[in-house]
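K.L.:
Right, I'll just put the structure down here and ask away after.
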């Protein structure tokens, strides 16, 4: 391949950079320096990062270069920089989850994801912004200020993983890590024109991931191309004895699927309940065009009904707050993080209540109380118990659908990126952003968002969601990659090449 | 409309160890009522005979090999503690009046 020009390094895909490093055309230090320089230039405007781990990143890169020069056989992503969502613990590096309650906390251990990234010789640049404890769809609920969408700095980059999606769209990093509890990887990907994957529940270890809702949380890859997401998926996935819900089965060959990118003969189901009313006109238009592309590529597209999906949002906002209120009980100001009101005559209960009052933001308090309510005696059966039954029905809808088709598709989000502030104190309006992504979290199967163009009315990115059965993650990559190559052929480049210069 | 009263918000806040301000109590009473109203649509579904799902991918009896692993570093834990004294976490009084 032609040598990669220095000025272009930040715009390259992870796969291209890895190949260039392997060929000796460029070093990891050069690539890492280019990303850090880009962050220095644009992050004042974008605010994707909460912490830059500059010296450690450069030292890691130099070590990789040294080992490569010594002839060591390195992995497929060796030397490639990555932006890490601030929900993953990383030993000695600040981990805040976007919350004041963890300001300045330096974890004493690495999450399994970080450990695997280190083993894959990925260079971690720093920690990215997020809605506090991953509660939100805009990053506006971060205690450290919102991240801005590189496509339009007055708009949200999605959430909760808006720092990771914005870092990709702003060319600050070629790879990023996210977590998806109700759409926090996929919706940010959709509104920034990038690729995001929620793997099958249990596919990627949750060890060292600060828990929001343990039965829904799943970590996954974020990138600008489908192949890059697959390479990252391969690096982080697989059984981990430290996570009791980790699946002890081989990781589907997502990289081979991304390289194959062929949908001929595949059966693709359009979910009748996810689309139509409530979805922005331009989102529907780009989605419909993508369906035509898939048909032209040889897929057999049919409509499928999942009748209980309309109850998914309700079930989710009973189950998630219940789990969150219990998970967040650990933030009590005793062993780590913030402690407030600790004067001589204060009791432990007073200190806890004061600490949580000043340490948590509005959305976190809202959900903690909602969860406490749905778990209260007298309401438990009607709310939480009923939501769990609806969860079963949603899983059965998926099972029935996957008897007819190989994958399901829908728009990822009902609208393109909205303006900062527009939905900040309107929780119900904010929750509706995840209407199409939530069913997958409840059922535990996997899904991807892939860019399908810009909405004609506002020029902002639109994402298409692909959903596959549990452990069918490779199907996401097969379909996503086929769609991506057809669209790249049409556009002449990947969608993020059209991000305005910052 | 499932109205959640100020008194209920105060009770929930106490259970959840949140010392809310007066303004927050009013605000949350209104917002939580609206949210509960929206989410209780789940009760429209006839599901008496449907088993509940607590976990999407059921797994049982998960054990890891019983092999000693290094623990976390004591110094690092001390450094991250909000208050540390005599080699221990210092905590506020846990018993008493008030």
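Chains as they are written, first to last, in our numbering: chain A, 1 to 502; chain B, 1001 to 1098. Just so it is clear, CB atoms sit at the ideal spot from N, CA and C, and this is done for glycine as well. Fair warning: this is a prediction, and the values are worked out from it, not measured in the lab.
1. Using 9 Å as the limit for Cβ to Cβ distance, is residue 96 (chain A) near chain B?
2. Please compile the residues from chain B whose C-beta is within a distance smaller than 8 Å of the C-beta of residue 325 (chain A).
3. Note down, in chain order, all residues in the region 1072-1097 of chain B with a beta-carbon under 8 Å from any beta-carbon belonging to chain A.
4. Are the region 134-152 of chain A and the region 107-123 of chain A in contact at 8 Å, needing three or more beta carbon pairs?
5. Taking DSSP's pairing of strands, which residues face residue 467 (chain A) in a bridge?
6. In the DSSP output, what is residue 222 (chain A) paired with across the bridge?
7. Does any CB atom of chain B fall closer than 9 Å to the CB of residue 487 (chain A)?
8. Within a Cβ cutoff of 6 Å, which residues of the same chain sit near residue 84 (chain A), ignoring the five residues on either side of it in sequence?
9. According to the neighbour-count rule (16 or more other Cβ atoms, all chains shown, within 10 Å of its Cβ), is residue 198 (chain A) buried or exposed?
10. Within the same chain, show all residues whose beta-carbon is closer than 6 Å to that of residue 1089 (chain B), passing over the 5 residues directly before and after it, in chain order.
11. Expressed to the nearest angstrom, what Euclidean distance is found between the alpha-carbon atoms of residue 185 (chain A) and residue 157 (chain A)?
12. If we require 3 or more residues per run, which beta strand (DSSP E) segments fall completely within the region 257-313 of chain A?
13. Using the DSSP secondary-structure output, state which residues sit across from residue 434 (chain A) in a beta bridge.
14. Could you please give me the residues that DSSP links to residue 209 (chain A) through a beta bridge?
15. Report the neighbours of residue 428 (chain A) on chain B: residues whose CB is nearer than 8 Å to its CB, in chain order.
16. Taking residue 106 (chain A) as the query, report the chain B residues whose CB atoms sit under 9 Å from its CB, ordered along the chain.
17. Would you mind reading off the limits of the alpha helix (DSSP H) that contains residue 17 (chain A)?
18. For the region 352-363 of chain A, which residues have a beta carbon sitting closer than 9 Å to at least one beta carbon of chain B?
19. Rounded to a whole number of angstroms, what is the C-alpha to C-alpha distance between residue 217 (chain A) and residue 206 (chain A)?
20. Answer with buried or exposed for residue 484 (chain A), where buried requires no fewer than 16 other C-beta atoms within 10 angstroms of its C-beta.
21. Is it buried or exposed for residue 1096 (chain B), if we count other Cβ within 10 angstroms and need 16 for buried?
22. For residue 133 (chain A), name the three-state secondary structure that DSSP assigns.
23. Please go through the same chain and pick out, in chain order, the residues whose beta-carbon is closer than 7 Å to the beta-carbon of residue 2 (chain A), but skip the five residues on each side of it.
24. Would you call the region 242-257 of chain A in contact with the region 278-291 of chain A, where contact means no fewer than 3 C-beta pairs closer than 8 Å?
25. Output needed for residue 340 (chain A): all residues of its chain with C-beta closer than 6 Å, excluding positions within five of it in sequence on either side, in chain order.
26. Within its chain, find whatever has a CB closer than 8 Å to the CB of residue 1098 (chain B); leave out the 5 residues flanking it on each side and keep chain order.
27. Going by beta-carbon coordinates alone, are residue 504 (chain A) and residue 325 (chain A) separated by less than 9 Å?
28. Using a 10 Å radius around the Cβ and a threshold of 16 neighbouring Cβ atoms, would you call residue 445 (chain A) buried or exposed?
29. Starting from residue 125 (chain A), trace the beta strand (DSSP E) in both directions and tell me its first and last residue.
30. Mind pulling the chain B residues with CB within less than 7 Å of residue 335 (chain A)?
31. Any Cβ of chain B within less than 9 Å of the Cβ of residue 499 (chain A)?
32. Check the Cβ of residue 1019 (chain B) against every Cβ in chain A and list those closer than 7 Å, keeping chain order.
33. What are the boundary residues of the beta strand (DSSP E) that residue 1077 (chain B) is part of?
34. Please name the residue in A:278, A:372, A:230 and A:15 whose C-alpha comes closest to that of residue 1011 (chain B).
35. Between the Cα of residue 140 (chain A) and the Cα atoms of A:455, A:406, A:500 and A:417, which residue gives the shortest distance?
36. Drop a sphere of 10 angstroms on the beta-carbon of residue 88 (chain A), count the other beta-carbons inside from all chains shown, and report buried for 16 or more, exposed for fewer.
P.N.:
Put simply:
1. Reading the first chain from its first residue, position 96 is the one you call residue 96 (chain A). With 9 Å as the cut-off, residue 96 (chain A) does not count as an interface residue toward chain B.
2. By 1-based counting over the first chain, the position of residue 325 (chain A) is 325. Against residue 325 (chain A), the close residues of chain B are 1016, in the order they occur along the chain (beta-carbon pairs closer than 8 Å).
3. Going along the region 1072-1097 of chain B in chain order, one finds 1072, 1073, 1076, 1077, 1079, 1080, 1081, 1082, 1083, 1089, 1091, 1092, 1093, 1094 and 1096 with a Cβ nearer than 8 Å to chain A.
4. No, the region 134-152 of chain A does not touch the region 107-123 of chain A.
5. Locating residue 467 (chain A) in the first chain gives position 467, counting from the first residue. The beta-bridge partner set that DSSP reports for residue 467 (chain A) consists of A:408 and A:447.
6. The residue given as residue 222 (chain A) occupies position 222 in the first chain. Answer is A:176 and A:196.
7. Sequence index remark: in the first chain, residue 487 (chain A) carries index 487 (1-based). For residue 487 (chain A), the answer is no, since every Cβ of chain B falls outside 9 Å of its Cβ.
8. Here the question's residue 84 (chain A) lines up with position 84 in the first chain. Sequence-distant Cβ neighbours of residue 84 (chain A) in its own chain, meaning closer than 6 Å and more than five residues away, are 124, 127 and 177.
9. The residue labelled residue 198 (chain A) in the question sits at position 198 within the first chain. The residue is buried, with at least 16 neighbouring Cβ atoms inside 10 Å.
10. Position 89 of the second chain holds residue 1089 (chain B). 1081.
11. By one-based count along the first chain, residue 185 (chain A) stands at place 185. By one-based count along the first chain, residue 157 (chain A) stands at place 157. If you draw a straight line from the Cα of residue 185 (chain A) to the Cα of residue 157 (chain A), it comes to about 11 Å.
12. Runs of the beta strand (DSSP E) inside the region 257-313 of chain A: 267-271 and 300-304.
13. For the purposes of this step, residue 434 (chain A) is taken as residue 434 along the first chain, with counting starting at 1. Paired residue(s): none; residue 434 (chain A) is not in a bridge.
14. Counting from one through the first chain, the residue named residue 209 (chain A) turns up at place 209. A:88, per the DSSP bridge assignment.
15. Numbered from 1 along the first chain, position 428 holds the residue referred to as residue 428 (chain A). Residues of chain B with a Cβ closer than 8 Å to the Cβ of residue 428 (chain A) are, in chain order, 1034, 1035 and 1038.
16. Here residue 106 (chain A) refers to the residue found at position 106 of the first chain. Here the neighbours are 1076, 1079 and 1080.
17. The residue you call residue 17 (chain A) lines up with position 17 of the first chain. Counting along the chain, the alpha helix (DSSP H) containing residue 17 (chain A) begins and ends at 14-22.
18. Here the close residues are 352, 353, 354, 355, 356, 357, 358, 360 and 362.
19. Locating residue 217 (chain A) in the first chain gives position 217, counting from the first residue. Locating residue 206 (chain A) in the first chain gives position 206, counting from the first residue. If you take the alpha carbons of residue 217 (chain A) and residue 206 (chain A), they lie about 8 Å apart.
20. One-based indexing of the first chain puts residue 484 (chain A) at position 484. Burial call: buried.
21. Within the second chain, residue 1096 (chain B) is the residue found at index 96, counting from 1. Burial state of residue 1096 (chain B) is exposed, judged by a 10 Å Cβ sphere holding fewer than 16 other Cβ atoms.
22. Within the first chain, numbered from 1, the residue matching residue 133 (chain A) stands at position 133. Reduced to three states, the DSSP call for residue 133 (chain A) is helix.
23. What you label residue 2 (chain A) is simply residue 2 of the first chain in a count that begins at 1. Residue confidence is low: residue 2 (chain A) scores 46 on pLDDT, short of 50, so the model does not pin down where it sits. No coordinate-derived value is stated.
24. No, because fewer than three Cβ pairs between the region 242-257 of chain A and the region 278-291 of chain A fall closer than 8 Å, the two stretches do not touch.
25. Within the first chain, residue 340 (chain A) is the residue found at index 340, counting from 1. In its chain, beyond the 5 residues on either side, 354, 355 and 358 have a beta carbon closer than 6 Å to the beta carbon of residue 340 (chain A).
26. Working through the second chain from its first residue, we reach residue 1098 (chain B) at position 98. Confidence at residue 1098 (chain B) is low in this model, with a pLDDT of 49, below 50, so its placement is unreliable and the value that follows should be read with caution. Counting only Cβ-Cβ distances below 8 Å, and skipping sequence neighbours, we find nothing.
27. Missing from the structure shown is residue 504 (chain A); chain A here goes from 1 to 502 and no further.
28. Residue mapping note: residue 445 (chain A) aligns to position 445 of the first chain, counting from 1. With 16 or more other Cβ atoms within 10 Å, it is buried.
29. In the first chain, counting from the first residue as 1, residue 125 (chain A) sits at position 125. Counting along the chain, the beta strand (DSSP E) containing residue 125 (chain A) begins and ends at 123-128.
30. Here residue 335 (chain A) corresponds to residue number 335 of the first chain, with the count starting at 1. Those are 1081 and 1089, listed as they occur along chain B.
31. The residue given as residue 499 (chain A) occupies position 499 in the first chain. No, its Cβ sits nowhere closer than 9 Å to a Cβ of chain B.
32. Position 19 of the second chain, counted from the start, is the residue given in the question as residue 1019 (chain B). Under the 7 Å cutoff, chain A gives 353, 354 and 357.
33. The sequence position of residue 1077 (chain B) within the second chain is 77, counting from 1. Membership of residue 1077 (chain B) in any beta strand (DSSP E) is not indicated; the residue belongs instead to the alpha helix (DSSP H) covering 1074-1080.
34. For the purposes of this step, residue 1011 (chain B) is taken as the residue at position 11 of the second chain. The candidate whose alpha carbon is nearest that of residue 1011 (chain B) is A:372.
35. Here residue 140 (chain A) is taken as the residue at index 140 of the first chain, counted from 1. Nearest to residue 140 (chain A) by alpha-carbon distance, out of A:455, A:406, A:500 and A:417, is A:417.
36. Walking along the first chain from the start, residue 88 (chain A) turns up at place 88. With 16 or more other CB atoms across the displayed protein chains lying within 10 angstroms of its CB, residue 88 (chain A) is buried.
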